[in-house]
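Engineer: So for the sequence shown, the numbering used here puts the first residue at 97; every next one is plus one.
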Amino acid sequence: MIPSPHTLHFRDRGKHRAVRSRQVNVKDSETIYRQFVQFEERAAALYLQMASRFSQDPDLSSFWLDMAMQEKQHAGLLQFCVYEKLFATQLPDENEIRRLGTFFESLEQQARDPNLTVGQAFLIAMQLETSEINAIYCHLTANLHRSLYLLRRKIATDLPHHVDELATAARKFGVREDALEQLDRVKENCAAQWR
């Protein structure tokens, strides 16, 4: 079957997944990009919440703070795309955006648990970093490649880097071996996908 010209293929936990998209005008593009800026801000807020939750461990808190700052950089690069009108030609549709909103609500609810453990925090982060939000982010920021500086900033905050940091920190902070094995599989899949 030949894919529709209105279908984007994003990676979802190591698999390609087709997402319906549509060609949109500039005003709609701005709206969609601003929604993805908000998703990146929500990801940063999750990590900031974890930094605060584990503030008694300075190294662990610092790790979560670094993850939050990388998500803030994602938001900033998307915002730059809005200012410069550097929009992708095909964008996720309303159903995909709504599904991602529900996904974030679920992660936020898990992160609000007052008894959140270090292992649970890493599992939340793993869910976030391996979701299709990162593939969509890469697609939405593809037009930044015209600027070498912006391309370097984008590469510095891309998925393989995030997952590698997550796996390294999970080991350092004593996450269960079964969760580490899952992270290692995700890390290997991400590395293979991004070569």
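Heads up, the beta-carbon is just placed ideally off N, CA and C, and yes, glycines get one too.
1) Does the Cβ of E201 have 16 or more other Cβ atoms within 10 Å, making it buried, or fewer, making it exposed?
2) Do Y143 and C177 come within 9 Å of each other at the CB atom, strictly closer than that value?
3) With DSSP run on the structure shown, which of helix, strand or coil describes L212?
4) Quick check: I220 and F199, are their CB atoms within less than 9 Å of each other?
5) Tell me the residue span of the beta strand (DSSP E) that contains Q186.
6) In angstroms with no decimal places, state the Cα-to-Cα distance between N239 and T127.
7) Grab the span of the alpha helix (DSSP H) containing G69 for me, first residue to last.
8) I need the straight-line Cα distance from G110 to T226, nearest angstrom please.
9) What do you reckon, are the CB atoms on A207 and Q145 nearer than 9 Å?
10) Since L236 contacts L196 with CB under 8 Å, what's their CB separation in whole angstroms?
Structural biologist: A quick look at the data gives this:
1) Its Cβ having fewer than 16 others within 10 Å, E201 is exposed.
2) no
3) coil
4) No; because the gap between Cβ atoms is not below 9 Å, this pair is not in contact.
5) 186-188
6) 17 Å
7) Because the chain in this structure spans residues 97 to 291, residue 69 falls outside the shown range and cannot be described.
8) Here G110 scores only 43 on pLDDT, less than 50, and its place in the model should not be relied on; the value that follows carries that caveat. Each residue's Cα considered, the two are about 8 Å apart.
9) yes
10) L236 to L196, Cβ: 12 Å. No contact.
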